[in-house]
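Each residue of the sequence shown is one higher than the last, beginning at 0 in numbering that gives the first Met the number 0. Built from N, CA and C at the ideal position, the CB exists for glycine as well. Below is one structure, written out as C-alpha cells, with a few remarks after it.
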Amino acid sequence: MPINIPDDLPAGAALEHENIFVMREGRATTQDIRPMKILILNLMPTKIETEIQLLRILSNSPLQTDIFLLQMATHESKNTSQDYLDKFYYTFDEIKDRKFDGMIITGAPVENISFENVDYWDELCMIMEWSVKSVTSTFHICWGAQAGLYYHYNIPKYHLSEKISGVYPHTPNVKDEPLTRGFDDVFCMPHSRHTEVRAYEIHKNPRLHVIAESKEVGVSIITSEKAGQVFVTGHFEYDAKTLAYEYERDIEKGLTPNIPDNYFPQNNPQNDPIVNWRAHANLLFTNWLNYYVYQRTPYDLANVGKDE
C-alpha cells in the first residue's frame, strides 16, 4: 500500500524513481478508508535525505499511511531553507491539538552537547510529553532514542572514547517479541554515534525492556510497557552509502575518523559498501506499524491516549 505525502514534496520524485508506490495528497483524499497517520519529527540537518530514507522504509507496509512532517520552531536550520520548511513541515503549535497513530523522532548531530543545552530541548520535551497522550506508539532513533530515554525514564547518556561507526551484529533477546518477529538469530544494524546508554541502567527500570543488543556496541532496541515507546540506538534507515558520506565528511573537516567497522569490503574505503541490514530494517518498521500502531490504535483518533 502507498504512503501519502504532499503533492510536490521532492522526496516523492526520488521514491517514484525507485518504483515505490507513493500516493499524492490529491488522490489520497478521495480514498474511502482510514489510513494510519504518522508524524515524523525530523531533527536531522539533511532533511530531504532523511525524508527519503524514512519514507522508503515506511512504504514497505501493506497499510496506507498519511505522512506529516514536523520541524522545531525554536531552532533555525542551517542546511534547509525556511521556505522549504514552511511549505512541507508543521510546527508543534499547528498539530498539538491533533492525535496520531504513530510518530518517529529521528536522530540529531548534537550528541556532544548535554541535553539541556540543545537549543530546542524545551520544545522537544513538550513534544515528547504530548506524545504520551496523543500518539499510540512513538519510534525514537539514535540521539532521539537517547533523548527519549533521558526525558521519560531519566536514563543518562555517556560519552565514548571514540565514535562508534559501522555495521554491527546484534541478537534478539526476546523470542516472542512482536517487534522482532521474523528476525534471524543474528542481524546487522548500522550505528553512528559518540555516546551510549547502558544496559544495566535500563534493566533497573521495570517499565523498560531490552529487546536486542550487540556485544560490540551495547543495547540496540528497547521498548516501554505496551510498546507505546520504541527506542533504537542505531540507524536501520540508513542508505548504503550514508556511513561512507559521514566518513568522507569528517575527513574533509580535518578530522581523523576510523574507517567504519564491517562496512567497506576488505576495509577499503575505495570499495562500495555491501548492504546487509535492509531486510531486517524493513521488517522492524513493518512490525512496528502493524503490531504497535495499527493493531493498537483506536479507529477514532480522538480516543488515542484514553485509558482502556
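Cβ-Cβ distance between residue i and residue j below 8 Å
i	j	result
Ala107	Leu159	no
Leu148	Trp287	no
Phe99	Lys36	yes
Pro259	Ser136	no
Phe127	His151	Checking the sequence shown, residue 127 turns out to be Met, not Phe. Against a cut-off of 8 Å, the Cβ pair of His151 and Met127 comes out as a contact.
Phe40	Leu8	The identity of residue 40 in the sequence shown is Leu, whereas the question assumes Phe. Result no, Cβ atoms of Leu40 and Leu8 do not sit closer than 8 Å.
His190	Glu110	no
Gln52	Glu200	no
Lys86	Pro44	no
Lys240	Pro272	yes
Gly217	Glu195	yes
Ala10	Leu54	yes
Closest Cα partner of residue i within the set the options
i	options	result
Lys46	Gly147, Met71, Ser60	Met71
Phe114	Asn153, Ile250, Gln228	Asn153
Asp238	Ile39, Leu40, Ile56	Ile56
Asn257	Glu251, Pro264, Tyr246, Phe235	Tyr246
Lys162	Thr255, Ile39, Pro272, Arg277	Thr255
Thr49	Thr79, Thr64, Arg33, Asn116	Thr79
Asp184	His190, Arg295, Asn281, Lys174	Lys174
Lys203	Ser223, Trp129, Lys214, Gln269	Ser223
Pro34	Leu242, Asn116, Ser76, Ser58	Ser58
Val131	Asn270, Val117, Glu75, Arg97	Arg97
Pro205	Ser213, Lys225, Glu195	Lys225
Asn281	Met125, Asn172, Ser133, His234	His234
Ile73	Asp65, Ile112, Met125	One point to set straight first is that residue 73 is Thr, not Ile, in the sequence displayed. When only C-alpha atoms are compared, the closest one is Met125.
Leu283	Phe230, Tyr244, Ile112, Pro5	Phe230
CA-to-CA distance, residue j to residue i, given in whole angstroms
i	j	result
Ala27	Leu300	Low confidence applies to Ala27: its pLDDT is 42, below 50, so where it sits in the model is not reliable, and the reading given next is rough at best. Rounded to the nearest angstrom, the two C-alpha atoms are 18 Å apart.
Gly25	Ser60	With a pLDDT of 49 at Gly25, under the threshold of 50, the modelled position of that residue is not reliable, and the figure given next carries that caveat. So the alpha carbons of these two residues sit roughly 21 Å apart.
Tyr262	Ala146	27 Å
Ile104	Tyr83	19 Å
Thr232	Lys156	11 Å
Ala198	Ile221	10 Å
Thr170	Phe186	6 Å
Lys95	Gly304	14 Å
Gln265	Val274	14 Å
Asn289	Trp276	20 Å
His139	Gly101	11 Å
Tyr88	Gln63	20 Å
Gln81	Phe67	17 Å
Asp249	Tyr167	21 Å
Gly227	Tyr291	7 Å
Arg279	Glu93	Residue 279 is actually His in this sequence, not Arg. Those two C-alpha atoms are separated by around 34 Å.
Asn302	Asn270	52 Å
Ser213	Asn116	30 Å
Ser219	Glu75	30 Å
Gly253	Arg295	49 Å
Leu242	Val134	31 Å
Glu215	Pro5	41 Å
Asn172	Tyr298	32 Å
Thr285	Tyr244	27 Å
Beta-ladder partner(s) of residue i, from DSSP
i	result
Tyr89	Leu69
Leu178	Beta-bridge pairing links Leu178 to no other residue.
Tyr167	Met188
Lys320	In the structure as shown, the chain begins at 0 and stops at 307. Residue 320 is therefore absent and cannot be evaluated.
Gln228	Thr137
Leu316	Residue 316 lies beyond the stretch modelled for the chain, which goes from 0 to 307, so this question has no answer here.
His158	Thr194
Val218	Glu212
Met102	Leu38, Thr137
Asp260	Gly165
* At a cut of 8 Å, does the segment 119-137 reach the segment 203-216 through at least three beta carbon pairs? -> no
* Three or more C-beta pairs closer than 8 Å, one from the segment 134-144 and one from the segment 179-188: is that the case here? -> no
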